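These protein sequences, in sequence, are chains A and B. In this text, residue positions in the first sequence follow our numbering: the first is 1, and each later residue adds one. In this text, residue positions in the second sequence follow our numbering: the first is 339, and each later residue adds one. Ideal Cβ positions, reconstructed from N, Cα and C, are used throughout, including at glycine. As the structure is a computational prediction, the values presented were derived from the model and not from experiment.
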Amino acid sequence: MKSIKVTAALVAVGVLALAGCGSSSSGASSSGTLNVVGFSVLEQANQKVFQAFEKTSAGKGWKIQGAYGASGTERDAVLGGQPADEAQLSLAPDVAKLAGAGQVAATWADNATHGICTDSVVVFGVQPGNPKSIETWDDLLEPGVKIVTPDPGSSGSAKWNLLAAYGAYRQETGSAAGAEADMKKFIANVVTWPSSGRDATTAFENGTGDVLLSYENEVILARQSGQKLDYVDPSTSLLIENPCAVTKDAPKTAADLLDFQKSVEGQKLYVETGFRPLPGVDVGQVTVTGANDPSSPFPAIAHLQTIDKDFGGWDLADAKYFDETNGILTKLKAADSK
Amino acid sequence: MSARRLNRGTGLGLGIAMGWFSLLVLLPLAAIIVKAAGGGLSTFGQVLTQGETRDALLLTVKMSVLVTLLNVAVGTLIAWELVRDRPAKTQGAARAGEWLWGRVRVAVDLVIDIPFALPTIVAGLVLLSLYGPHSPLGLHWAPTTQKAILVAMAFVTLPFVVRTVQPVLEELDADVEEAAASLGAGRLTILRRIVLPAVLPAIFAGASLSFARGLSEYGSLVLLSANSPHRTETVSVRLFAFIEQSNTASAAALATILLVVALAAIVVLDVMQRRVARHG
Numbered sequence: 001m002k003s004i005k006v007t008a009a010l011v012a013v014g015v016l017a018l019a020g021c022g023s024s025s026s027g028a029s030s031s032g033t034l035n036v037v038g039f040s041v042l043e044q045a046n047q048k049v050f051q052a053f054e055k056t057s058a059g060k061g062w063k064i065q066g067a068y069g070a071s072g073t074e075r076d077a078v079l080g081g082q083p084a085d086e087a088q089l090s091l092a093p094d095v096a097k098l099a100g101a102g103q104v105a106a107t108w109a110d111n112a113t114h115g116i117c118t119d120s121v122v123v124f125g126v127q128p129g130n131p132k133s134i135e136t137w138d139d140l141l142e143p144g145v146k147i148v149t150p151d152p153g154s155s156g157s158a159k160w161n162l163l164a165a166y167g168a169y170r171q172e173t174g175s176a177a178g179a180e181a182d183m184k185k186f187i188a189n190v191v192t193w194p195s196s197g198r199d200a201t202t203a204f205e206n207g208t209g210d211v212l213l214s215y216e217n218e219v220i221l222a223r224q225s226g227q228k229l230d231y232v233d234p235s236t237s238l239l240i241e242n243p244c245a246v247t248k249d250a251p252k253t254a255a256d257l258l259d260f261q262k263s264v265e266g267q268k269l270y271v272e273t274g275f276r277p278l279p280g281v282d283v284g285q286v287t288v289t290g291a292n293d294p295s296s297p298f299p300a301i302a303h304l305q306t307i308d309k310d311f312g313g314w315d316l317a318d319a320k321y322f323d324e325t326n327g328i329l330t331k332l333k334a335a336d337s338k
Numbered sequence: 339m340s341a342r343r344l345n346r347g348t349g350l351g352l353g354i355a356m357g358w359f360s361l362l363v364l365l366p367l368a369a370i371i372v373k374a375a376g377g378g379l380s381t382f383g384q385v386l387t388q389g390e391t392r393d394a395l396l397l398t399v400k401m402s403v404l405v406t407l408l409n410v411a412v413g414t415l416i417a418w419e420l421v422r423d424r425p426a427k428t429q430g431a432a433r434a435g436e437w438l439w440g441r442v443r444v445a446v447d448l449v450i451d452i453p454f455a456l457p458t459i460v461a462g463l464v465l466l467s468l469y470g471p472h473s474p475l476g477l478h479w480a481p482t483t484q485k486a487i488l489v490a491m492a493f494v495t496l497p498f499v500v501r502t503v504q505p506v507l508e509e510l511d512a513d514v515e516e517a518a519a520s521l522g523a524g525r526l527t528i529l530r531r532i533v534l535p536a537v538l539p540a541i542f543a544g545a546s547l548s549f550a551r552g553l554s555e556y557g558s559l560v561l562l563s564a565n566s567p568h569r570t571e572t573v574s575v576r577l578f579a580f581i582e583q584s585n586t587a588s589a590a591a592l593a594t595i596l597l598v599v600a601l602a603a604i605v606v607l608d609v610m611q612r613r614v615a616r617h618g
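Below, the structure written as structure tokens:
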């Protein structure tokens, strides 16, 4: 009997503790914990951003906790009930799904940055010294060039890469048919489709392939952590825009954090880890180690396409290019048999 | 009163065992099947007619069968070497050899479980550095060839057959073999009539574990396989893609198909084992 009482007491304590945790993250108190769920590459930058925010008057007394993983995985985790006051994901459709489930306000993108927190561009990662002299998108189509890019099926963020390629070839050939013909050659040159951007970088670093399609910030961060690869900013590329939104039940401080992330001070910290500053945010002179030229880290891209201007927004692009059975790029990939 | 009535102790034990089993195994399995059934038969059709998924399924089954055959042969051999094949008693220099052999056996015995302990993603990374483009062995299998998949599966499934056969060999009474030998049985006859029937159930048990494990391997293949559709893409990677695309109905259907394949293999192996045991 005694052991039953002890067990009951333990259970009661456990329930109370859980209830305590639950209540601390909601409600309008002036202190507590904020849970931020984000895609993996953000982790390093966010640590600094959170520390800086905790020192501002809005963030005083708050502890910001981050959880990171692949964008789609984090999206599903939040849908499945993981506590989140802010979601910073790689693709707008991932946040849109949270909005669809009622966890994020439907108006999440109605603000000055259109719901975007961080920017980057698609670049070519190359083996040290660029032995195959890869500079342009046409170089990627040469016979024998081996391309590494994550699988758009399993890594949502890989969609940026394939759309960048498609957009570049469409611009060169002047037609969708020309772009598709080039994409066929491109896909034939892909030697491996890793499941995530990180896996792709690891495979590339271990000698797989001649060119790695990646995001400028990811490559710069990899170089900052001592990995040996070079990169080339192509003259045509796609602007990568990562969305962020607070959840409906989040305390007001979450919105303050979001504003801080988009502010000059917040953007400066993101820029230091390789992201490009949001348009209209002047971060001044920032030295970015790991960039090709640390003092002038972000060369202008002559033809920088965007998802809204050149692809009609994510809703359209997702359905047209990546639909599981009828997407143009899905079909090209499935039809490729080496 | 029935003589076989459960006493309190057994009742509790059975309750805990069944409760635990239900929570961990039955419920999740049922959930997968319910989820798959929710999509209707059309989801199964869709999944199976998708060339990429079908090829992934065929490739995975083919590789798992190959790796299971490999494990049955090599795993049994390793277990035999660990337990039995000691050098004959000798003197002088050979004595030192015997001592050394003893140490090696202890080391191998310890190391053999490492594939279980190593996170599979680490295994993938290590195997990629050994069998990839920078291979110091000159074996450039990963990530573009199917051999790389075989290597990954063989690595993670190695301990199964070894660890199921080893204790049986250890328990096997040498007296019986000696008796058979004294009655004039040759080494082959002893192996066939005495050793093999005893270890066969263990070999088959190890084989079904290794097949099921190979079927589901994901972590090490993430880096070691190129995931090229039709050529090096395995089912687990397809499954992951379905989940990332929020297509849980297809994911559940594919998982159910995988479960059925695993179950069928276990049944087939069990029937084979009974047959062989009967006609041994």
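Check                                                                                                                                      : Outcome
Straight-line Cα distance separating residue 285 of chain A from residue 417 of chain A                                                    : No statement about residue 417 of chain A is possible, as the shown extent of chain A runs from 1 to 338 and does not include it.
7 Å Cβ cutoff, residue 482 of chain B in contact with chain A                                                                              : yes
Span separating the alpha-carbon of residue 435 of chain B from that of residue 408 of chain B                                             : 29 Å
Buried or exposed (CB count within 10 angstroms, at least 16 for buried), residue 75 of chain A                                            : buried
Interface positions of the stretch 304-330 of chain A facing chain B (Cβ-Cβ less than 7 Å), listed along the chain                         : 324
Proximity winner among B:466, B:542, B:379, relative to residue 414 of chain B (alpha-carbon distances)                                    : B:542
Contact belief for residue 579 of chain B with residue 377 of chain B at Cβ below 8 Å, rounded distance in angstroms                       : Their Cβ separation, rounded to whole angstroms, is 17 Å, which puts residue 579 of chain B and residue 377 of chain B out of contact at 8 Å.
Any alpha helix (DSSP H) of 4 or more consecutive residues that is wholly inside the stretch 518-590 of chain B                            : 525-528, 534-554, 557-562, 573-582
Ranges of the alpha helix (DSSP H) found wholly within the stretch 392-471 of chain B, counting only runs of at least 4                    : 431-449, 452-455, 458-469
Cut-off 7 Å between Cβ atoms - residues of its own chain near residue 218 of chain A, not counting five sequence neighbours on either side : 41, 197, 201
Proximity test, Cβ basis, 7 Å: residue 175 of chain A and chain B                                                                          : no
Cutoff 8 Å; reference residue 79 of chain A; Cβ partners in own chain excluding five residues on either side                               : 97, 98, 101, 103
Status (buried if at least 16 other CB within 10 Å, exposed otherwise) for residue 133 of chain A                                          : exposed
Residue 135 of chain A (DSSP reduced to helix, strand or coil)                                                                             : coil
7 Å Cβ cutoff, residue 11 of chain A in contact with chain B                                                                               : Residue confidence is low: residue 11 of chain A scores 45 on pLDDT, short of 50, so the model does not pin down where it sits. Its coordinate-derived value is still stated next. It does not; no Cβ of chain B falls within 7 Å.
Burial state of residue 358 of chain B, where buried means 16 or more other Cβ atoms lie within 10 Å                                       : exposed
Any C-beta of chain B under 7 Å from that of residue 153 of chain A                                                                        : yes
Positions along the stretch 452-469 of chain B whose CB lies within less than 8 Å of some CB in chain A                                    : 463, 466, 467
Residue 315 of chain A - containing alpha helix (DSSP H), residue span                                                                     : 313-322
Option nearest residue 153 of chain A by Cα separation, candidates A:313, A:72, A:252, A:297                                               : A:72
Entirely enclosed beta strand (DSSP E) segments - the stretch 49-84 of chain A, minimum 3 residues                                         : 62-69
Residue span of the beta strand (DSSP E) that contains residue 304 of chain A, given as start and end                                      : 303-305
Inter-stretch contact at 8 Å, needing at least 3 Cβ pairs: the stretch 452-470 of chain B / the stretch 486-501 of chain B                 : yes
Cβ neighbours of residue 23 of chain A in the same chain (closer than 8 Å, five flanking residues each side left out)                      : Caution is warranted here: a pLDDT of 40 is assigned to residue 23 of chain A, below 50, making its placement in the model unreliable, and the coordinate value is therefore given only provisionally. Cβ neighbours of residue 23 of chain A beyond the five flanking positions: none.
Same chain only: Cβ atoms within 7 Å of residue 298 of chain A, ignoring 5 sequence neighbours per side                                    : 276
Interface flag, residue 436 of chain B vs chain A, CB-CB below 7 Å                                                                         : no
Given residue 598 of chain B as reference, the closest of B:553, B:568, B:611, B:562 once Cα atoms are compared                            : B:553
Reduced DSSP category for residue 26 of chain A - H, G, I as helix; E, B as strand; rest coil                                              : For residue 26 of chain A, the predicted model reports a pLDDT of 42, less than 50, meaning its position is unreliable; a value from the coordinates is still stated below. Note: residue 26 of chain A maps to coil in three-state DSSP.
Residue 549 of chain B to residue 352 of chain B span [Cα, whole Å]                                                                        : 29 Å
Residue 110 of chain A (DSSP reduced to helix, strand or coil)                                                                             : coil
Interfacial residues, the stretch 117-146 of chain A to chain B, with Cβ spacing under 8 Å                                                 : none
Where residue 614 of chain B falls: helix, strand or coil (DSSP)                                                                           : helix
Bridge partner(s) assigned by DSSP for residue 210 of chain A                                                                              : For residue 210 of chain A, which the question treats as bridged, DSSP gives no partner whatsoever.
7 Å Cβ shell around residue 322 of chain A - same chain, five flanking residues per side excluded                                          : 152, 159, 329, 330
Under the three-state DSSP convention, the category residue 227 of chain A falls into                                                      : coil
Residue 38 of chain A, enclosing beta strand (DSSP E) - first and last residue                                                             : 32-39
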